[in-house]
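Number of protein chains: 2
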Amino acid sequence: MNKIEVIITDDHKLFRDGLRSILQQFDDIEIIGEASSEIELMRMLKEGYDPDIVLMDISLPDGNGLDIIKQMKEEYVSIKCVVITMHADGQYVVKAVKNGAYGYLLKSVDQAELVEAIKTVGLGKKYFNAEVSQLMVTDMALQQDQETNLSERELEVLRLVAQGYTTKEIANQLYVSARTIETHRVNIMRKLNVQNSAEMIKKAAKCDLI
Amino acid sequence: MNKIEVIITDDHKLFRDGLRSILQQFDDIEIIGEASSEIELMRMLKEGYDPDIVLMDISLPDGNGLDIIKQMKEEYVSIKCVVITMHADGQYVVKAVKNGAYGYLLKSVDQAELVEAIKTVGLGKKYFNAEVSQLMVTDMALQQDQETNLSERELEVLRLVAQGYTTKEIANQLYVSARTIETHRVNIMRKLNVQNSAEMIKKAAKCDLI
DNA sequence: TTAGCACTCAGTATAAATACTGATTAACAT
DNA sequence: ATGTTAATCAGTATTTATACTGAGTGCTAA
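Here you go:
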């Protein structure tokens, strides 16, 4: 069996050393490099490093660690990113998942779980433990809790607006005057607590109304 | 300790009987009712049934089971819904979570896990096992895979548009002419393959570009 | 070195949205 | 009964967006 090749990315040398020390004990895992920043990581990849897994802290000094996951995934399709962080924040987890991360580990995990995560991801599967899943679930449930109280008619209008129909077109479709639709739009914006159509559609999309 | 009061909702009597038979063995769980449809369930709740948990199949004959979770949550805040279904579909899981479900079980789970889920939810915590979390994660990662290829500048403009700034305002902020911003808008819409600003914002929101 | 793309900018005309002022009717719950 | 809300409709003026025609510069990768 081939070794799982890993690059560790974290701005704290001591932490990198610790990880290396732990992972060195396993014959099927090999640390092929370390980076102390996103820039350094990207430079290494550009220079030809080709790890199976990048183990990455997302509170790096240069920029947002979550964005780099996406970037890396686009440029180096085969590399799988496992986030390791102290941030027990559902939004971070969701963002990481959406950006293509293969795993999300809290720094509170133990050795055994770290290794299990790496091996799981090494097989091409994703690794998110119960705690992390919980964070994600809780966050998603919260997002939905923004009550809207739009009437049926308003929802209907909102959906048509979001589909790109103009006020006039909607009026024709619903057999009412354009004035009516305009009133609806104003009321919808008031209820969603936004100032204009762009924000209205954004908020509607975020709240899954459309 | 109080018993966890459960209503089983499923359109197959045999399945309800099976669940009842399993759960009856546990002293701290009590089946206080059964419903064979959403309508029946809602009627029971209206009549005063007040379960801790509703164990619900989401492929019921009358309407979409996922929507009823939301409805129930709004009208009966204290009731926790646990979905039990044969649909191993990430989108369903995501939707269930967003609608406020406290758990999602595949019909392939065993007795032990069913009971564990009920007890966990009974304590007010959510229960989503590794398999289900996996489905959810996979689905979310997929959604993100729609490539966009917007340039940095275009993303910047897009985000400002979504925040409700007008073309002129954006032009002032970025120290370029309004023409330039208009060109950007047109290019963004072309790249996102949409016909107007409303669709542009909707698509951007759905793809988490903003 | 040439082709493509990002980014910038222009005029003219029309279509649409927004801001302000209002109003009537019907349903529904306190 | 009375207040609240949904749903409908109106005029006028202004601001924005859109559609059509374009173009020049500078970078980069084939």
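Protein chains in written order, with the UniProt record's numbering: chain A, 1 to 210; chain B, 1 to 210. The beta-carbon is built from N, C-alpha and C at its ideal position, and this holds for glycine as well. Small disclaimer: the values here were computed from a predicted structure and weren't measured.
Chain-order list of chain A residues neighbouring B:E199: A162, Q163 and G164, by C-beta distance under 8 angstroms. Against chain A, the beta carbon of B:V137 has neighbours under 7 angstroms at V97, K126 and F128, listed in chain order. A check of alpha carbon separations from A:H12 across A:Q25, A:T85 and A:I29 identifies A:T85 as the nearest.
For A:N196, the residues of chain B that pass the 7 angstroms Cβ criterion are G164, in the order they occur in the chain. Taken in chain order, the whole alpha helix (DSSP H) runs of length 4 or more contained in the UniProt domain "Response regulatory" (5-122) of chain B are 13-23, 38-46, 65-75, 90-98 and 111-122.
Residue-level contact check: A:A117 does not touch chain B, since none of the beta carbons of chain B fall below 7 angstroms from its beta carbon.
For A:S133, the residues of chain B that pass the 7 angstroms Cβ criterion are F128 and S133, in the order they occur in the chain. Exclusion of the five residues before and after A:M140 leaves G90 and V94 as the residues of its chain whose Cβ lies within less than 8 angstroms of its Cβ.
The continuous stretches of alpha helix (DSSP H) do not include B:N193, and DSSP gives it neither H nor E. Sorting A:A117, A:L123, A:L135 and A:G122 by C-alpha distance to the C-alpha of B:K125 places A:L135 at the top. In this structure A:A117 touches A:V82 by the C-beta definition: roughly 6 angstroms separates them, less than 8 angstroms. The contact set of B:I210 on chain A, defined by CB atoms closer than 8 angstroms, consists of K202 in chain order. Contacts with chain A at 7 angstroms (Cβ-Cβ) do not include B:K107. When only Cα atoms are considered, B:M56 and A:S197 end up about 38 angstroms apart. Chain B has no Cβ within less than 7 angstroms of the Cβ of A:A171.
Looking at the DSSP output, A:Y165 shares a beta bridge with no other residue. In this structure, A:I201 is the residue among A:V157, A:I201 and A:V161 with its C-alpha nearest to the C-alpha of B:R159. Note on geometry: alpha-carbon atoms of B:V157 and B:I181 lie some 7 angstroms from one another. Distance check between B:G164 and each of A:V194, A:D67, A:I8 and A:V115 places A:V194 closest, using alpha-carbon atoms only.
The C-alpha of B:V137 lies about 8 angstroms from the C-alpha of A:K98. With respect to the 7 angstroms criterion, A:I31 and A:V54 are not classified as neighbours on the basis of their beta carbons.
With distances taken between CA atoms, B:I29 lies nearest to B:I8 out of B:R190, B:V186, B:I8 and B:A96.
The beta carbon of A:A205 sits closer than 7 angstroms to some beta carbon of chain B. Linking B:N129 to B:K168 through their CA atoms gives a straight-line distance of about 50 angstroms.
The C-alpha of A:I4 is placed about 13 angstroms away from the C-alpha of A:Y49. A Cβ-Cβ separation of about 10 angstroms leaves A:I69 out of contact with A:E38 under the 8 angstroms criterion.
The beta carbons of A:F26 and A:V121 sit about 14 angstroms from each other, so the pair does not count as a contact at 8 angstroms.
Minimum Cα-Cα distance from B:R185 among the listed residues B:N64, B:L19 and B:R153 corresponds to B:R153. In this structure, B:L66 lies away from B:A88, with their beta-carbon atoms at least 7 angstroms apart.
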